[in-house]
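K.L.:
Counting along the sequence shown from 1, when you hit position 79 you're at 79 in our numbering, and nothing is skipped either side.
Ideal Cβ placement from N, Cα and C applies to all residues, glycine included.
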Amino acid sequence: MTILARKALFALAIAPLLTALFLAGVLAAFAVPDAPVLRNLQDRPEVLFARRADNGRVIDADTECIGMTVGLDLSGVDEPLLHRAVNAQSLYGCQPLEDFFNGSKEEQVLDYFRYWHGYALISRPILALMPYNDLRGFLLTVSIGLFVWLLWRIGADFSPSTALAFAMPFVVINAMGLMVVATKATTWMLAVGAALYLSRRRSAETPFLAFFIVGAMTAYFDFFTGPAFILCFSALVFALYELRSGRQPTWRDFMLLGVFWGVGWAGFILIKIAVAALVLDAGVWRDFIDAALFRVRGETEDVDSFVPGAALYENIAALKTFWAPVAIIAFIILPFATNARRGRWRRLVGERSVLLGVAAAPLLWMEVFTNHTQIHAAFTQINYAPAFILSALILAASPALFRRP
Numbered sequence: 001m002t003i004l005a006r007k008a009l010f011a012l013a014i015a016p017l018l019t020a021l022f023l024a025g026v027l028a029a030f031a032v033p034d035a036p037v038l039r040n041l042q043d044r045p046e047v048l049f050a051r052r053a054d055n056g057r058v059i060d061a062d063t064e065c066i067g068m069t070v071g072l073d074l075s076g077v078d079e080p081l082l083h084r085a086v087n088a089q090s091l092y093g094c095q096p097l098e099d100f101f102n103g104s105k106e107e108q109v110l111d112y113f114r115y116w117h118g119y120a121l122i123s124r125p126i127l128a129l130m131p132y133n134d135l136r137g138f139l140l141t142v143s144i145g146l147f148v149w150l151l152w153r154i155g156a157d158f159s160p161s162t163a164l165a166f167a168m169p170f171v172v173i174n175a176m177g178l179m180v181v182a183t184k185a186t187t188w189m190l191a192v193g194a195a196l197y198l199s200r201r202r203s204a205e206t207p208f209l210a211f212f213i214v215g216a217m218t219a220y221f222d223f224f225t226g227p228a229f230i231l232c233f234s235a236l237v238f239a240l241y242e243l244r245s246g247r248q249p250t251w252r253d254f255m256l257l258g259v260f261w262g263v264g265w266a267g268f269i270l271i272k273i274a275v276a277a278l279v280l281d282a283g284v285w286r287d288f289i290d291a292a293l294f295r296v297r298g299e300t301e302d303v304d305s306f307v308p309g310a311a312l313y314e315n316i317a318a319l320k321t322f323w324a325p326v327a328i329i330a331f332i333i334l335p336f337a338t339n340a341r342r343g344r345w346r347r348l349v350g351e352r353s354v355l356l357g358v359a360a361a362p363l364l365w366m367e368v369f370t371n372h373t374q375i376h377a378a379f380t381q382i383n384y385a386p387a388f389i390l391s392a393l394i395l396a397a398s399p400a401l402f403r404r405p
């Protein structure tokens with residue numbers, strides 16, 4: 001039996017264990033008493049409802065309000081913990097939540113069983129102990145701390161210019177919109193945490209199983225903000241460390257890693273729907289299919305065009321009047337502005353470098369899910385990060401780009 005087959009069988013073998021762990025985590029989150037959570041959400045509601053961070057970057061307040069109501073007893077019906085955790089009822093946005101805080105009981109309650117809501121495993125226990133404002137401080141501190149740790153490792157292993165190249169895109173892209181809200185900070189933490197693990201591993205084997213687990217955790221923690229970012233940011237770090245070790249990462253490796261990650265991600269999304277179908281009713285499959293189709297080409301007044309490239313344009317346009325020109329100049333124009341830089345691109349193309357595929361894959365994801373990524377362009381723009389990092393590495397003449405002898 002080949003190593004690849006053994007890894008695949010092991011991934012299938014641990015899937016039931018991961019399912020049990022994920023479900024236990026959600027049950028634990030929903031078991032947290034509502035009273036302290038509600039009290040701490042209401043401590044400074046203007047922070048929760050704010051649409052921008054202190055630095056002016058956009059915050060997905062409505063999604064955060066949805067996520068913070070997941071786990072609350074909204075219907076007033078005494079239901080078993082398993083039913084509540086699987087059904088995951090919520091209010092749809094900040095205005096209904098504000099009305100709920102003011103004593104109204106007329107808000108429409110929606111069933112959000114399509115997601116695992118793994119972020120609640122972090123947010124609800126913390127909200128039982130401290131106000132929402134402090135939860136944001138905790139999330140920002142951990143998010144920045146993990147990223148600084150990764151940059152320090154990259155700077156020590158490659159060069160300071162390489163670490164700077166990794167940091168530059170996240171100054172331009174709205175990373176702050178991810179770091180300070182629970183429903184998106186888990187996406188950031190998972191991507192950076194996976195990259196840290198891959199930067200420290202010593203094995204020469206391709207980490208198929210690790211990518212399967214990261215894919216499963218993406219299904220668990222990510223609120224459909226940046227699945228492709230998680231995959232490709234991790235793959236980018238893996239590829240650079242392979243080059244550092246004198247090994248040339250191949251397209252076959254990247255595609256197989258994508259398959260393992262994809263089976264973990266899509267598989268555990270489907271497992272959640274299957275669990276919901278068992279606990280609730282068979283109608284969940286129809287709802288899931290409708291929601292998936294909507295994210296691809298659903299009709300909505302918020303999307304003007306489905307022509308190829310519309311999603312890429314909208315995600316750049318969402319950077320607005322200052323950051324969009326900075327992004328275009330720093331990551332599109334300057335990396336091609338001199339013969340030396342163009343020569344580095346030609347070398348990557350000539351070597352058929354897998355880095356090109358790692359950078360391009362999230363852009364394809366944005367185009368496939370064009371309806372979703374156009375509506376949420378202020379946050380799905382994080383999927384530009386791998387391409388911008390590659391451009392920054394070219395700009396910085398990083399030694400990480402090519403295999404060491």
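Can you tell me the Cβ-Cβ gap for Gly93 and Ala29, rounded? I've got them flagged as a contact below 8 Å.
P.N.:
The Cβ separation is near 21 Å, so there is no contact.
K.L.:
Any contact between the segment 205-213 and the segment 141-152? By contact I mean 3 or more CB pairs, one from each, below 8 Å.
P.N.:
Taking 8 Å as the limit for Cβ pairs, the verdict is that the segment 141-152 does not touch the segment 205-213.
K.L.:
Do Tyr384 and Ile173 count as a contact pair if the criterion is CB distance below 8 Å?
P.N.:
A contact, by the Cβ cut-off of 8 Å.
K.L.:
Select from Phe211, Trp265, Ala216 and Lys272 the residue whose C-alpha is nearest the C-alpha of Leu256.
P.N.:
Cα-wise, what sits closest to Leu256 is Phe211.
K.L.:
Rounded to whole angstroms, what is the Cα-Cα separation between Ile329 and Leu395?
P.N.:
Taking the straight line joining both Cα atoms gives about 11 Å.
K.L.:
Is the distance from the Cβ of Ala392 to the Cβ of Pro169 below 8 Å?
P.N.:
It is a contact, given that the beta carbons lie within the stated cut-off.
K.L.:
Would you list the residues sitting across from Ser245 in a DSSP beta bridge?
P.N.:
Partner(s): none; Ser245 has no beta bridge.
K.L.:
Does the beta-carbon of Asp222 have 16 or more other beta-carbons within 10 angstroms, so that it is buried, or is it exposed?
P.N.:
Asp222 comes out buried.
K.L.:
Just the Cα atoms here: how many angstroms apart are Asp134 and Ala50?
P.N.:
The straight-line gap from Cα to Cα measures roughly 15 Å.
K.L.:
Counting C-beta neighbours from all protein chains within 10 Å, is the total for Arg346 16 or more, i.e. buried, or is it exposed?
P.N.:
With fewer than 16 Cβ atoms within 10 Å of its Cβ, Arg346 is classed as exposed.
K.L.:
Just to confirm my understanding: we take Phe138, look at its own chain, exclude 5 residues before and 5 after, and list those with CB closer than 8 Å. What are they?
P.N.:
The residues are Ile126 and Met130.
K.L.:
Curious, which full-length alpha helix (DSSP H) runs of at least 4 residues does the segment 44-132 contain?
P.N.:
45-49, 61-69, 81-87, 94-101 and 120-127, all fully within the segment 44-132.
K.L.:
Quick check on this structure: which residue in Ala185, Ala11 and Arg6 has the alpha carbon closest to the alpha carbon of Asp60?
P.N.:
Ranking the options by Cα distance to Asp60, first place goes to Ala185.
K.L.:
Looking only at C-alpha atoms, which of Thr162, Ile3, Val214 and Arg202 sits nearest to Ala15?
P.N.:
Comparing Cα-Cα distances from Ala15 to each of Thr162, Ile3, Val214 and Arg202, the minimum goes to Val214.
K.L.:
Is Glu64 near Leu48, with beta carbons less than 8 Å apart?
P.N.:
Contact flag set, yes.
K.L.:
When you compare each of Tyr220, Ser161, Val368 and Phe238 to Tyr119 by their alpha carbons, which one comes out closest?
P.N.:
Per the Cα distances, Tyr220.
K.L.:
Can you tell me whether Asp253 is buried or exposed? The criterion is at least 16 other CB atoms within 10 Å of its CB, across all chains shown.
P.N.:
Buried is the call here.
K.L.:
Can you tell which of Pro325, Phe158, Ala182 and Leu280 has its C-alpha closest to the C-alpha of Glu242?
P.N.:
Cα-wise, what sits closest to Glu242 is Phe158.
K.L.:
Quick one: does the C-beta of Glu46 sit closer than 7 Å to a heavy atom of the ligand ZN?
P.N.:
The model depicted lacks the ligand ZN and carries no ligand whatsoever.
K.L.:
Quick check on the burial criterion: 16 or more other C-beta atoms within 10 angstroms. Buried or exposed for Trp251?
P.N.:
With fewer than 16 other Cβ atoms within 10 Å, it is exposed.
K.L.:
Taking the CB atoms as reference points, tell me whether Leu401 and Arg344 lie closer together than 8 Å.
P.N.:
In this structure, Arg344 lies closer than 8 Å to Leu401 by Cβ.
K.L.:
Of the choices Ile316, Phe336, Pro386 and Ala340, whose alpha-carbon is the least far from that of Ala377?
P.N.:
Ranking the options by Cα distance to Ala377, first place goes to Ile316.
K.L.:
How should Gly350 be labelled, buried or exposed, when 16 other C-beta atoms within 10 angstroms of its C-beta is the threshold for buried?
P.N.:
Under this definition Gly350 is an exposed residue.
K.L.:
Among the candidates Pro33, Tyr132 and Met217, whose CA atom is the shortest distance from the CA of Leu21?
P.N.:
Out of Pro33, Tyr132 and Met217, Met217 has the C-alpha closest to the C-alpha of Leu21.
K.L.:
Report the three-state DSSP secondary structure of Gly226 (helix, strand or coil).
P.N.:
Residue state, collapsed to three classes: coil.
K.L.:
State the DSSP-derived secondary structure class of Val192, mapped to helix, strand or coil.
P.N.:
Looking at Val192 - three-state DSSP - the assignment turns out to be helix.
K.L.:
Does the segment 259-268 come close enough to the segment 332-341 to have 3 or more Cβ pairs within less than 8 Å?
P.N.:
Touching, no, given that fewer than three Cβ pairs across the two stretches are closer than 8 Å.
K.L.:
Around the Cβ of Leu81, are there at least 16 other Cβ atoms within 10 angstroms (buried) or fewer (exposed)?
P.N.:
Under this definition Leu81 is an exposed residue.
K.L.:
Taking 8 Å as the threshold (C-beta atoms), are Val279 and His117 in contact?
P.N.:
No, the Cβ-Cβ distance between His117 and Val279 is not below 8 Å.
K.L.:
Could you tell me whether the segment 224-237 touches the segment 352-372, where touching means 3 or more Cβ pairs closer than 8 Å?
P.N.:
Yes: the two stretches touch, three or more of their Cβ pairs being nearer than 8 Å.
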